[in-house]
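Residue numbers (the numbering used here), protein chains in the order written: chain A, 1 to 222; chain B, 223 to 440.
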Amino acid sequence: MYRFLLAVLRRDLTLAARRRGDWLIAQFFFVMVASLFPLGVGPEPAMLARIGPGVLWVAATLASLLSLSRLFADDHRDGSLEHMVLSPEPTVLLVLGKSLAHWLIYGIPLLLIAPVLGLQFNLSWEAILVLDLSLLLGTPILSLLGGVGAALTLGLRGGGVLLTLLILPLYVPALIFGAGAVDGVMAGTGAEAHLSLLGAFFVLSLMIAPWIAAAALRVSLE
Amino acid sequence: MPDALLSVHDLACARGDRLLFKGMNFALNSGELLLVQGGNGQGKTSLLRLLTGLSSPEEGEVRWRGEPIRGQREAYHAEMVYLGHANGVKDDLNPVENLRFADGLQGRAFDEARAIVTLERLGLSRCLDLPCRVLSFGQRRRVALSALLLAGAILWILDEPLTGLDIHAVALMEGLIRDHLSAGGMVVATTHQALNLEGVIVQRLLVGNVAIPELAVD
Chain A
1 MYRFLLAVLR RDLTLAARRR GDWLIAQFFF VMVASLFPLG VGPEPAMLAR IGPGVLWVAA
61 TLASLLSLSR LFADDHRDGS LEHMVLSPEP TVLLVLGKSL AHWLIYGIPL LLIAPVLGLQ
121 FNLSWEAILV LDLSLLLGTP ILSLLGGVGA ALTLGLRGGG VLLTLLILPL YVPALIFGAG
181 AVDGVMAGTG AEAHLSLLGA FFVLSLMIAP WIAAAALRVS LE
Chain B
223 MPDALLSVHD LACARGDRLL FKGMNFALNS GELLLVQGGN GQGKTSLLRL LTGLSSPEEG
283 EVRWRGEPIR GQREAYHAEM VYLGHANGVK DDLNPVENLR FADGLQGRAF DEARAIVTLE
343 RLGLSRCLDL PCRVLSFGQR RRVALSALLL AGAILWILDE PLTGLDIHAV ALMEGLIRDH
403 LSAGGMVVAT THQALNLEGV IVQRLLVGNV AIPELAVD
């Protein structure tokens with residue numbers, strides 16, 4: 001079981017390492033979206049600090065969406081998805097492995113870039129720390145729920161747009177609690193409540209999303 | 223019938239509103255080849271996908287070792303291997319890496335020496351360290367066939383396995399099928415090409431209602 005999970009992970013990480021262009025696009029997108037806001041709304045430090053957490057969180061959700069449409073699509077096109085679904089191991093593990101790989105490839109770099117962008121929004125060090133903590137809990141949610149959307153829209157024409165419409169509403173709780181945690185620490189009310197709820201939402205997605213995505217994948221392949 | 227490893231009972235398949243076939247029954251034992259024939263669009267691929275468990279039948283069931291495959295997915299998939307129209311070969315990996323990941327995903331330990339021997343046997347000795355992206359269609363098909371051999375499954379389900387292969391590879395493939403059957407394996411295949419399969423027990427199954435001329439199988 002662990003060997004299978006590890007094989008899925010290693011495979012996706014190797015493939016990502018071979019196509020670094022695809023991988024960088026999502027990170028650049030994140031930086032771009034977050035950098036456009038100060039240019040648009042003006043340079044007042046107080047205002048930037050006020051909108052910073054929300055903007056960074058929205059940019060992170062959009063960046064993760066950008067890469068999600070290809071979570072299963074590439075493997076579907078060359079037939080390897082069928083081979084993986086026909087393996088003796090449960091499809092749930094396959095989905096879990098691919099979501100985890102997606103998080104490692106697209107989520108972790110966001111955690112590393114976010115503090116730099118936080119400085120650009122005049123966030124305090126404390127706020128930046130909480131921002132990263134909220135992204136650490138929140139980005140796996142994006143990958144897990146995104147797996148459901150990617151499996152549902154697999155093989156559909158215009159699946160990318162449909163994926164966005166399906167998944168963005170599901171991202172709302174993560175966005176509210178994630179940005180709320182940073183707001184909380186800046187307002188002095190503390191981030192614990194928001195972070196706990198974010199953690200609960202993460203556990204819930206981890207328990208439910210892979211099963212739904214596996215079922216959706218089987219339907220999409222039929 | 224109860225002894226058959228693979229059996230199909232009153233199988234019906236529909237694509238959308240259209241009924242492709244119904245009331246299909248057959249049984250296949252070890253050492254036997256089932257050649258699925260029929261015109262384009264008659265449901266050959268749909269039948270093979272039903273046999274793999276990728277799609278589920280409108281009516282009836284597929285049984286493996288006497289039990290419906292639905293209830294024993296893991297055990298069945300461990301003994302079955304499917305090669306569809308798409309090769310399942312990743313363009314960014316070289317043939318050896320492709321086989322390594324294929325083995326990992328099937329939960330087997332990877333034996334690199336054996337993988338290389340198999341690839342060389344299929345005529346890919348000069349392509350071992352090239353990404354599959356630069357290989358020709360037929361060469362990629364050969365990589366997929368190597369994965370099939372390494373899978374060590376009893377039942378091979380092959381959808382047009384000869385597409386894109388040159389005459390040497392077709393001859394090689396005939397030999398591989400013969401070896402597999404004589405070792406007690408089973409093959410279900412669709413093909414439009416003539417196959418030279420001396421001494422093999424061949425069952426034929428016509429899918430759909432369009433009669434086609436008998437394929438020359440000597």
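The beta carbon of each residue, even a glycine, is placed where N, CA and C say it ideally should be.
Query, Result
"Cross-strand partners of Arg426/B (DSSP beta bridge)", "Leu257/B"
"Three-state class that DSSP yields for Lys244/B in the structure shown", "strand"
"Separation of Leu357/B from Cys461/B, as counted between CA atoms", "Within the shown structure, residues of chain B are numbered from 223 to 440, placing residue 461/B beyond reach of any answer."
"Check whether Ile141/A and Phe72/A have beta carbons under 8 Å apart", "no"
"Minimum Cβ-Cβ distance from Phe323/B to chain A less than 8 Å", "yes"
"Distance between Thr413/B and Ile434/B (C-alpha atoms, nearest Å)", "For Ile434/B, the predicted model reports a pLDDT of 49, less than 50, meaning its position is unreliable and no value from the coordinates is stated."
"Where the beta strand (DSSP E) containing Trp378/B begins and where it ends", "377-381"
"As assigned by DSSP and simplified to three states, the class of Arg3/A", "helix"
"Straight-line Cα distance separating Ser143/A from Ile212/A", "14 Å"
"CA-to-CA distance, Met84/A to Leu272/B, given in whole angstroms", "17 Å"
"Beta-carbon neighbours of Leu117/A, restricted to chain B and to distances below 8 Å", "Within 8 Å Cβ-Cβ: nothing; Leu117/A doesn't reach chain B, min ~31 Å."
"Backbone secondary structure at Arg10/A - three-state DSSP", "helix"
"Integer Cβ distance of Leu344/B from Arg364/B, believed to fall under 8 Å", "4 Å"
"Residue of Trp23/A, Thr61/A, Gly184/A, Leu136/A minimising C-alpha distance to Gly146/A", "Thr61/A"
"Status (buried if at least 16 other CB within 10 Å, exposed otherwise) for Trp125/A", "exposed"
"His194/A, DSSP secondary structure in three states", "helix"
"Test: Val318/B CB closer than 8 Å to a CB of chain A", "no"
"Extent of the continuous beta strand (DSSP E) run through Val339/B", "Taken as a continuous stretch (DSSP letters only), Val339/B belongs to no beta strand (DSSP E), being part of the alpha helix (DSSP H) at 334-343."
"Candidates Val410/B, Gly360/B, Leu398/B: closest to Glu420/B by CA position", "Leu398/B"
"Reference Val182/A; option with closest CA among Ser64/A, Ala114/A, Val219/A", "Ala114/A"
"Proximity winner among Gly107/A, Gly52/A, Val31/A, Leu204/A, relative to Leu68/A (alpha-carbon distances)", "Gly107/A"
"The segment 2-17 of chain A in contact with the segment 313-326 of chain B per 3-pair CB rule at 8 Å", "yes"
"Residue span of the beta strand (DSSP E) that contains Arg237/B, given as start and end", "228-237"
"Closer than 8 Å to chain B by CB, Arg157/A", "no"
"Within-8 Å CB hit, Met223/B to chain A", "Here the model assigns Met223/B a pLDDT of 46, short of 50, so the residue's position is not dependable, and the following value carries that caveat. Closer than 8 Å: no."
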